[in-house]
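Here the structure comes first, spelled out in structure tokens, and everything after it is commentary.
Number of protein chains: 2
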Amino acid sequence: MTAVPDLMSATAGRSGVTAAGDMTSVAAHRAGIIATVAALPPRRMRLEEADGAVLAEDVTARWPLPMFDNSAMDGYAVLSSDVASATPAAPVTLPVKAEVTAGDPRSRRLTAGTCVKITTGAALPAGADAVVRAEWTDGGLDRAIITRPVRPGESIRQAGGEVLPGDLLLAAGTALDAPQIALLAAAGQHVVLARPRPRLTVLSAGNELAGLGGSVHPGQVWESNSLMLAAAARGLGCTVRRYPLARDDKRQVRAALRAAALDSDLLVTSGGISMGGEHDVFKAALRGLDTVTFRRVAMQPGTPQGFGTIGEPGVPILLLPGNPVSAFVSFCLFAGPAVRALQGRPREAPRTTAAVLTAPVRSSAGKATFISAVLNPAAGTVTPAGESTHHLSALARANALIVVPPAVTGMAQGELAEVMRL
Amino acid sequence: MTAVPDLMSATAGRSGVTAAGDMTSVAAHRAGIIATVAALPPRRMRLEEADGAVLAEDVTARWPLPMFDNSAMDGYAVLSSDVASATPAAPVTLPVKAEVTAGDPRSRRLTAGTCVKITTGAALPAGADAVVRAEWTDGGLDRAIITRPVRPGESIRQAGGEVLPGDLLLAAGTALDAPQIALLAAAGQHVVLARPRPRLTVLSAGNELAGLGGSVHPGQVWESNSLMLAAAARGLGCTVRRYPLARDDKRQVRAALRAAALDSDLLVTSGGISMGGEHDVFKAALRGLDTVTFRRVAMQPGTPQGFGTIGEPGVPILLLPGNPVSAFVSFCLFAGPAVRALQGRPREAPRTTAAVLTAPVRSSAGKATFISAVLNPAAGTVTPAGESTHHLSALARANALIVVPPAVTGMAQGELAEVMRL
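Top to bottom, those sequences are chains F and D.
Residue 80 in this note's numbering sits at position 80 of the first sequence, with consecutive numbering throughout.
So the mapping is simple: this note's numbering equals the position in the second sequence, first residue as 1, plus 422.
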């Protein structure tokens, strides 16, 4: 594993320094988004709904874990001193006085010189100080022949051995995935205060866009961004809604944005933001709203970008360019941090790795360039997937993006490149 | 990036060679699962449902992409020879004869000596051979002042420039994620033959298990595995159902398994498989069914494992041990390959990386040992997260598992360990 300087981070600053004069750096645009997006209000939710949510408070243990001494093995609960001399050649035989299985509510007591048959997870009988695993016995029901000695405490999970009451189970800000949910369930913390998965709504608009399954008339193309961004948003853990395709009509678009903002935590649009004429419908619909800013960001693809909030309280809106590859790369760079901010998760630099270029790449001066590529992690190499930074067919074959910093206009075969995995 | 020998793979063989006599290696158990699980029958589905599905046929392009010559910029469509002499000092002025916007169905024709105002994505007028971007003009409506020459073809996306009819768009076996769905949408391929996300059903059973939100009586613990495995299964892209918790009653459990098999593609159970007494309810329920095998696998945690198929046609069933960490580690190792096999995806060795241990680890002889750990990718280090391989509290803090091969019983601080990311 090679540590790579983060060419896109605000602290590394290279992008910021070298962005052309009228353009914002990728890092500065991202920092603006993170600074603006407020964490969602937390709510109490049952663990069943909490997969993908983020804890909004520290959770401390109310009970010990395990709650009671129990057996780690199927076998026999014994007093270890009773079997101290046991060997395969000279086993110890003990009468079996009872059997206790996992979940059995009756409390048992072991008498010295006897044993209790026990299953994994069953409560240890009072008086027992060890469990002899079944493999070291004959498995008898009336009397057990035991061929190995055990240490005091052997094969016992002690009450509180893992967690004591008052121990911190999970800290505020922890994302709840399978292991965290299991720990909370096992510890009896079945309702948590957490920030839910953000509700993300995807909108697209444009007279040139034809819906899926229909026909295209001359001059039209099939709309592909909303399905793409919806899938990418699910990948970020959001619950996702797609809004019906709108015509190039700023009143219609404004109404759609207003309606979507009512029950969304993040809006993502694509297209309609490039130069700002009436045909750039999202830009036209939001003109005059001083909570939304349109910028040229020093990146290729994806130079035109919009971001801000709409409605009261402000719902964040990311306005991405219309070219599908531009929209996808922009989503990767900016929607991820916005979603993390909504969940109150700590900032995280984009995860990149370094790999050796198998072919030269060219890049725009003054812009960070993102090139669809195939990363071979085993070989540590990366290969551009197509000829253009704007080809969806190349992106669809890619598993990574090569990131060329703004100050660099080309890299040779064999150079070490920064790579973002998809 | 360091290439690491795959200590768990069948080809590497180390695990297989060193597993203790009566145990199956992790690689052999996994290979048996992959060999048994048949790919799901593919079905035709709309792209809207295809996120996470896997193509079951090659998809070739029916139309060119782009479908027609169009502008890559907002600006003016021109004949490049008309503006060959343009400079900021001596601009060329052309009358604007029309305006064409994206989605406009009317076909336009450019007369030499004039220009057509054009937006990004709009169809190029016949007779034009280049577009002058708006930044190099005064943006005029009646006549445009042009300050830069353009090459023939400049700022034009040519019909078929990205994809030609008959080109392979995506190959059978491709998993459909955001970019692939976008490509199919843009190419007009709105119904695909694909293997859907597998439907995975999680079952748990045991008298010792109390449901979430309720109270535990003495000897009981709260059930945590089904929520954990459901979350992990969603992480693998499955649609997931949890079956209500069953008592230790083999008839009830058999009925639940039979019902779940009717509309599941994969069943995953936890617990009830260790020694095979009546209290090991899944083992008892499946006794005599020669399509299910129970084994001791040379791994820690997670030695007892079951796998097979039930019902007709056989639905694969993974029977995982009941300890939550054992169940989770088993799920990571065996459910992933089973899900890939269901989707007809190529086999893939578990992705591991190498990192330097910041503390020594101990491990069981003869078993591959999986230790909950915190990987620091930037530093290239890995730190055990707890003292026991069976502690859920350690797993809940972990982002990786250290994998210690069966032949190794301990590793020192500073040694390079194989690490699986979670």
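Yeah, the Cβ is synthetic: ideal placement off N, Cα and C, and Gly gets one too.
- For Ala453 of chain D and Ala763 of chain D, the gap between their C-alpha atoms comes out near 11 Å.
- Fewer than three pairs of CB atoms, one per stretch, sit closer than 8 Å, so the segment 500-518 of chain D makes no contact with the segment 251-271 of chain F.
- In the same chain as Pro196 of chain F, and ignoring 5 residues on each side of it, the C-beta atoms closer than 6 Å to its own belong to Ala53, in chain order.
- Listed in chain order, the non-local C-beta contacts of Ala478 of chain D below 7 Å within the same chain comprise Pro464, Ala594, Leu615, Ala616, Arg617 and Gly766, local neighbours out to five positions each way being set aside.
- Among the residues of chain F, those whose CB is under 7 Å from the CB of Leu605 of chain D are Leu392, Ser393 and Ala396, following chain order.
- When 8 Å is used as the limit between beta carbons, Met228 of chain F is near these residues of chain D: Ala600, Pro601, Ile603, Ala604 and Ala607, in chain order.
- With respect to chain F, the C-beta atom of Pro746 of chain D has a partner C-beta closer than 8 Å.
- Residue pairing for Val163 of chain F: DSSP places it in a beta bridge opposite F:Leu65.
- The beta carbon of Asp491 of chain D is closer than 8 Å to those of Ala545, Leu546, Ile578, Arg579, Gln580 and Ala581 in its chain, skipping five residues each way along the sequence.
- DSSP places Pro316 of chain F in the uninterrupted beta strand (DSSP E) bounded by Val315 to Leu320.
- Close CB contacts of Val505 of chain D within its chain, under the 7 Å cut and outside five residues either way in sequence, are with Val514, Val554, Ile568, Pro571 and Val572 (chain order).
- When the beta-carbon positions are compared, Ala359 of chain F and Val374 of chain F stay at least 8 Å from each other.
- With distances taken between CA atoms, Gly694 of chain D lies nearest to D:Asn647 out of D:Asp480, D:Arg656, D:His612 and D:Asn647.
- Neighbours of Pro218 of chain F in chain D, taken as residues at a C-beta separation under 8 Å, are given in chain order as Phe490, Pro527, Ser529 and Ala545.
- Around the beta carbon of Ser107 of chain F, fewer than 16 other beta carbons sit within 10 angstroms, so the residue counts as exposed.
- C-alpha of Asp444 of chain D to C-alpha of Val830 of chain D: approximately 18 Å in a straight line.
- Gly836 of chain D has a beta carbon lying at 8 Å or more from every beta carbon in chain F.
- For Gln580 of chain D, no alpha helix (DSSP H) segment is defined, and its DSSP state is neither H nor E.
- Counting every other CB atom within 10 Å of its CB across the protein chains shown gives Leu658 of chain D a total of 16 or more, marking it as buried.
- For Asp74 of chain F, at least one C-beta of chain D is nearer than 8 Å to its own C-beta.
- Per DSSP, the unbroken alpha helix (DSSP H) holding Lys283 of chain F starts and ends at Val281 to Leu286.
- Using a Cβ-Cβ cut-off of 9 Å, Asp480 of chain D is close to nothing in chain F; its nearest Cβ partner there is about 13 Å away.
- Contact check for Leu631 of chain D against Ala182 of chain F fails: the beta carbons are separated by 8 Å or more.
- Secondary-structure assignment with DSSP links Thr811 of chain D through no beta bridge to anything.
- Secondary structure of Cys537 of chain D (DSSP, three-state): strand.
- Taking each of F:Leu40, F:Ala39 and F:Leu422 in turn and checking the Cα distance to Ala232 of chain F, the smallest one comes out for F:Leu422.
- In this structure Met67 of chain F does not touch Val747 of chain D by the C-beta definition: roughly 17 Å separates them, more than the 8 Å allowed.
- Taking the Cα of Arg468 of chain D as reference, the smallest distance to any Cα among F:Val356, F:Gly214 and F:Leu320 is reached at F:Gly214.
- Counting of Cβ neighbours within 10 angstroms places Ser393 of chain F among the buried residues, the total reaching 16 or more.
- Taking 8 Å as the cut-off, the beta carbon of Leu625 of chain D is found no closer than this to the beta carbon of Ala706 of chain D.
- Secondary structure note for Arg351 of chain F: it is in no alpha helix (DSSP H), with a DSSP letter that is neither H nor E.
- In the structure shown, Thr87 of chain F falls within a coil segment according to DSSP collapsed to helix, strand and coil.
- Less than 8 Å divides the Cβ of Ala187 of chain F from the Cβ of Leu169 of chain F.
- In this structure, the CA atom of Pro105 of chain F is about 36 Å from the CA atom of Leu823 of chain D.
- If you check the CB distance, Thr482 of chain D and Asp589 of chain D come in under 8 Å.
- The Cβ of Asp473 of chain D sits closer than 8 Å to at least one Cβ of chain F.
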